[in-house]
Amino acid sequence: MIVETRDQAEMRGRLRRLQEAGIDEATIRIDTLCGRLALPTTYRLSRFVTDPGWESEHEHSDR
Numbered sequence: 002m003i004v005e006t007r008d009q010a011e012m013r014g015r016l017r018r019l020q021e022a023g024i025d026e027a028t029i030r031i032d033t034l035c036g037r038l039a040l041p042t043t044y045r046l047s048r049f050v051t052d053p054g055w056e057s058e059h060e061h062s063d064r
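Per our numbering, residue 2 is the first one in the sequence shown, and the count goes up by one each step.
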């Protein structure tokens, strides 16, 4: 998960930055958890990663 927020503008901003960074849009998932009287609507932005260890290794090797 990248971010979970009640602020739709924040979620859109994060999505825009991912797109600008060249992230494959097919790996991005947006969920809208619809609120009711007791719970507000929440937006969840996540990215599918096939091998999280691979990505971490490559981030550290660039330093």
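Backbone N, C-alpha and C fix where the C-beta goes; we use that ideal spot for every residue, glycine too.
Counting along the chain, the unbroken beta strand (DSSP E) around Glu5 starts and ends at 4-6. The secondary-structure analysis by DSSP pairs Ile29 across a beta bridge with Arg48. Bounds of the alpha helix (DSSP H) holding Ala10 are 9-21.
As the crow flies, the alpha-carbon of Thr33 is around 23 Å from that of Gly23. Thr28 and Ala39 have their C-alpha atoms spaced approximately 32 Å apart.
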